[in-house]
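For the sequence shown, our numbering gives the first residue as 1, with consecutive numbering after it.
Down below is the structure, laid out as C-alpha coordinates.
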Amino acid sequence: ELTLWDAANRYLHAHLPEGVKTLPISAWEKEYTALKAQREAEYETLKDTRAEVAELQKIRKCVDIALRADQPAQTQSRTKRQEQER
(Lines of atoms letter the chains of each structure in order from A and count residues from 1; the text may use other names and numbers.)
(Lines give C-alpha, C1' and ligand atoms only; values in the text may rest on other atoms or scores of the structure.)
Protein backbone atom coordinates (compact mmCIF):
# COMPACT_ATOMS: atom_id res chain seq x y z
CA GLU A 1 0.00 0.00 0.00
CA LEU A 2 2.80 2.40 0.79
CA THR A 3 4.38 1.78 -2.60
CA LEU A 4 1.08 2.53 -4.33
CA TRP A 5 0.53 5.69 -2.25
CA ASP A 6 4.07 6.86 -2.93
CA ALA A 7 3.66 6.28 -6.68
CA ALA A 8 0.36 8.18 -6.70
CA ASN A 9 1.94 11.01 -4.69
CA ARG A 10 4.83 11.32 -7.15
CA TYR A 11 2.46 11.25 -10.14
CA LEU A 12 0.16 13.93 -8.73
CA HIS A 13 2.99 16.25 -7.74
CA ALA A 14 4.60 15.81 -11.15
CA HIS A 15 1.35 16.79 -12.89
CA LEU A 16 0.25 19.69 -10.67
CA PRO A 17 0.31 23.13 -12.27
CA GLU A 18 3.27 25.38 -11.53
CA GLY A 19 3.18 27.01 -8.10
CA VAL A 20 0.57 24.64 -6.67
CA LYS A 21 1.79 22.60 -3.71
CA THR A 22 -1.44 20.84 -2.69
CA LEU A 23 -4.55 19.58 -4.38
CA PRO A 24 -7.51 21.99 -4.47
CA ILE A 25 -9.85 19.79 -2.40
CA SER A 26 -12.27 22.60 -1.46
CA ALA A 27 -12.63 23.59 -5.12
CA TRP A 28 -13.31 19.97 -6.02
CA GLU A 29 -15.95 19.72 -3.29
CA LYS A 30 -17.69 22.84 -4.62
CA GLU A 31 -17.56 21.49 -8.15
CA TYR A 32 -18.89 18.13 -6.95
CA THR A 33 -21.79 19.82 -5.14
CA ALA A 34 -22.65 21.89 -8.21
CA LEU A 35 -22.48 18.87 -10.51
CA LYS A 36 -24.59 16.81 -8.12
CA ALA A 37 -27.28 19.51 -8.03
CA GLN A 38 -27.22 19.76 -11.82
CA ARG A 39 -27.51 15.97 -12.12
CA GLU A 40 -30.49 15.87 -9.77
CA ALA A 41 -32.27 18.63 -11.70
CA GLU A 42 -31.62 16.92 -15.03
CA TYR A 43 -32.75 13.58 -13.59
CA GLU A 44 -36.07 15.16 -12.56
CA THR A 45 -36.47 16.39 -16.14
CA LEU A 46 -35.63 12.90 -17.40
CA LYS A 47 -38.26 11.32 -15.14
CA ASP A 48 -40.89 13.80 -16.37
CA THR A 49 -39.93 13.08 -19.97
CA ARG A 50 -40.10 9.32 -19.41
CA ALA A 51 -43.59 9.66 -17.91
CA GLU A 52 -44.69 11.75 -20.89
CA VAL A 53 -43.28 9.21 -23.34
CA ALA A 54 -45.06 6.38 -21.52
CA GLU A 55 -48.34 8.30 -21.75
CA LEU A 56 -47.83 8.95 -25.46
CA GLN A 57 -47.05 5.27 -26.07
CA LYS A 58 -50.31 4.32 -24.34
CA ILE A 59 -52.20 6.76 -26.56
CA ARG A 60 -50.50 5.40 -29.69
CA LYS A 61 -51.35 1.86 -28.66
CA CYS A 62 -55.02 2.77 -28.17
CA VAL A 63 -55.12 4.53 -31.55
CA ASP A 64 -53.57 1.48 -33.24
CA ILE A 65 -56.17 -0.77 -31.63
CA ALA A 66 -58.97 1.55 -32.72
CA LEU A 67 -57.64 1.69 -36.29
CA ARG A 68 -57.39 -2.10 -36.45
CA ALA A 69 -60.92 -2.47 -35.10
CA ASP A 70 -62.21 0.03 -37.68
CA GLN A 71 -60.30 -1.54 -40.57
CA PRO A 72 -62.34 -4.80 -40.87
CA ALA A 73 -65.55 -2.77 -40.98
CA GLN A 74 -64.17 -0.78 -43.90
CA THR A 75 -63.17 -3.91 -45.80
CA GLN A 76 -66.60 -5.46 -45.19
CA SER A 77 -68.35 -2.37 -46.52
CA ARG A 78 -66.11 -2.43 -49.59
CA THR A 79 -66.95 -6.05 -50.32
CA LYS A 80 -70.67 -5.34 -49.84
CA ARG A 81 -70.46 -2.45 -52.30
CA GLN A 82 -68.63 -4.60 -54.80
CA GLU A 83 -71.26 -7.34 -54.48
CA GLN A 84 -74.07 -4.83 -54.90
CA GLU A 85 -72.47 -3.42 -58.03
CA ARG A 86 -72.38 -6.85 -59.66
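Glycine included, each C-beta is placed from N, C-alpha and C at the ideal position.
Cβ shell of residue i (< 8 Å), same chain only, five flanking positions each side left out
i: L23; result: L12 and L16
First through last residue of the alpha helix (DSSP H) which encompasses residue i
i: L12; result: L2 to H15
Pairwise C-alpha distance: residue j and residue i
i: W28; j: A7; result: 22 Å
i: E40; j: Y32; result: 12 Å
i: K58; j: Q71; result: 20 Å
i: A54; j: E42; result: 18 Å
i: D64; j: K36; result: 41 Å
i: R102; j: Q38; result: It is not possible to answer for residue 102, since the shown part of the chain is limited to 1 through 86.
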